[in-house]
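Following: one structure in structure tokens, then a few remarks.
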Amino acid sequence: MAGSRVLGIESTAHTASVGIVSPGRDGRPRVLSNRSAVWRPPEGGIHPREAANAHAEALPGLIREALREAKVAAGDLSAVAFAQGPGLGPCLRTGASAARALALTAGVPLVGVNHCVAHLEVGRALLGCEDPVLLYASGGNTQVIAFAGGRYRVFGETLDIGVGNMLDKFGREAGLPFPAGPAIEGLASRGSKLLPLPYSVKGMDVAYSGMLTAALQMRRDGERMEDIAFSIQEVAFAMLVEVAERAMAHVGRDELLLGGGVAANARLVEMAGTMTRERGAESFVPERRFCVDNGAMIAVLGAMMLGAGVTTPVGESAVRQRFRTDEVEVSWR
Ligand code: ATP
Ligand code: FE2
Numbered sequence: 335m336a337g338s339r340v341l342g343i344e345s346t347a348h349t350a351s352v353g354i355v356s357p358g359r360d361g362r363p364r365v366l367s368n369r370s371a372v373w374r375p376p377e378g379g380i381h382p383r384e385a386a387n388a389h390a391e392a393l394p395g396l397i398r399e400a401l402r403e404a405k406v407a408a409g410d411l412s413a414v415a416f417a418q419g420p421g422l423g424p425c426l427r428t429g430a431s432a433a434r435a436l437a438l439t440a441g442v443p444l445v446g447v448n449h450c451v452a453h454l455e456v457g458r459a460l461l462g463c464e465d466p467v468l469l470y471a472s473g474g475n476t477q478v479i480a481f482a483g484g485r486y487r488v489f490g491e492t493l494d495i496g497v498g499n500m501l502d503k504f505g506r507e508a509g510l511p512f513p514a515g516p517a518i519e520g521l522a523s524r525g526s527k528l529l530p531l532p533y534s535v536k537g538m539d540v541a542y543s544g545m546l547t548a549a550l551q552m553r554r555d556g557e558r559m560e561d562i563a564f565s566i567q568e569v570a571f572a573m574l575v576e577v578a579e580r581a582m583a584h585v586g587r588d589e590l591l592l593g594g595g596v597a598a599n600a601r602l603v604e605m606a607g608t609m610t611r612e613r614g615a616e617s618f619v620p621e622r623r624f625c626v627d628n629g630a631m632i633a634v635l636g637a638m639m640l641g642a643g644v645t646t647p648v649g650e651s652a653v654r655q656r657f658r659t660d661e662v663e664v665s666w667r
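Numbering (the numbering used here), first residue to last: 335 to 667.
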């Protein structure tokens, strides 16, 4: 794949983003550019049509900027990758249309990638871990995953809402800016009192809606926001680290790789580091810009798939709103 340049388009939810990667000398991908525009709901939750309209406006400029920053002409691309799913239908379709138009213009193949697998593979590719247990903690998803039999198998996951979704819903009620994860992290650093929030782990599964309800009640009861935020982080992340440790013991792996927007949280990173150190294992965390939704991760996975000869004919490029992690045949490993 020497000389190859893959452009990736992300648009599954609130973020439109375009990244370009090329293979580096050490075999790891080099990120040449990564440009994003985050759509923030004026109030309430994410409105798929409005977000999609914003993405449609942002993507042409992001593509131009990404190409300029990477010093690559569209005609020099080897492929155009896009997030085929899972995600919000209108948002996915906007990114897919942009990808089809660009690929057809440049005369290069399309590669439709799974957004969740991209969150994981970007870390494996950039950080060079071999065969980790993966803790994927984002807005919509919370899963513990390991590679087995040619697929990324989900060993445990949230039984209700994603951990990031819980943070964002709490933040919305409490008047914090969206996304609330970073604001909660800031508050938590000034909290100290551990309030009794429900700790909900079953085997390798977790649940967060009980914690959301309890945290909102504590706010009404007049507990300090700093202490609520501190307690949410301590309890929510302890749950994640427990299931990650159980999965590592179960499948006998000594690497843990974090991915997804919540992996941008320093306290989660610290707790995961403590757990892995105590087991004589190692934990890996991508840079923040590669944890949250980003086009570079789509390009990284697209390049891996292209290298294995996997491309997506236009006729098979329809988006897949419920594209599950374990549906993907991992032919590039
Ligand atoms: P999915 O990957 O499941 O489709 P998504 O695309 O909405 O979800 P990401 O962009 O990967 O998610 O992650 C966004 C989430 O990460 C939001 O819920 C946000 O609050 C959370 N997040 C971002 N930064 C932090 C942080 N510093 N601490 C905790 N959570 C954070
Ligand atoms: Fe995501």
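C-beta atoms are modelled at their ideal positions from N, C-alpha and C, and glycine is treated no differently.
Buried or exposed: where does P375 fall if 16 or more other Cβ atoms within 10 Å of its Cβ makes it buried? exposed
Proximal residues to G520 (C-beta, below 6 Å), its chain only, five neighbours per side dropped: none
Could you pull the DSSP bridge partners for Q477 from this structure? Y470, E491
Relative to ligand 2, is the shortest distance from any of its heavy atoms to the C-beta of S472 smaller than 7 Å? yes
Run through DSSP, which three-state label would G276 get? The structure shown does not extend to residue 276, since the chain spans only 335 to 667, so no value can be given for it.
So what does DSSP say about V664, is it helix, strand or coil? coil
Looking at Y486 and V445, is the spacing between their C-beta atoms short of 8 Å? no
G353, DSSP secondary structure in three states: strand
For L602 and F571, believed in contact at Cβ under 8 Å, the rounded distance: L602 and F571 do touch by the CB rule: their CB atoms are close to 5 Å apart, below 8 Å.
Give the straight-line distance between the Cα atoms of G353 and G474, rounded to the nearest whole angstrom. 22 Å
DSSP three-state call for R398: helix, strand or coil? helix
Kindly indicate which residue of V634, S523, E616 has the alpha-carbon position closest to the one of A600. S523
Between V653, G649, T645, which has its C-alpha nearest E663's C-alpha? Ranking the options by Cα distance to E663, first place goes to T645.
If you compare alpha carbons, which of K527, G395, F416, T349 is closest to R654? F416
Enumerated in chain order, which unbroken segments of the alpha helix (DSSP H) with a length of 4 residues or greater are wholly contained in the region 430-458? none
Please check the pair G525 and R554, which I expect to be a contact at CB under 8 Å, by giving their CB distance rounded to whole angstroms. About 18 Å; that fails the 8 Å criterion.
Classify N387 as helix, strand or coil using the three-state DSSP reduction. helix
Euclidean distance between Cα positions of R658 and Y470: 13 Å
Quick check: the Cα distance between D660 and L501, rounded to an integer number of angstroms? In a straight line, the C-alpha of D660 is about 26 Å away from that of L501.
Quick check on S724: buried or exposed, where buried means 16 or more other Cβ atoms within 10 Å of its Cβ? The first residue shown for the chain is 335 and the last is 667, placing residue 724 beyond what the model contains.
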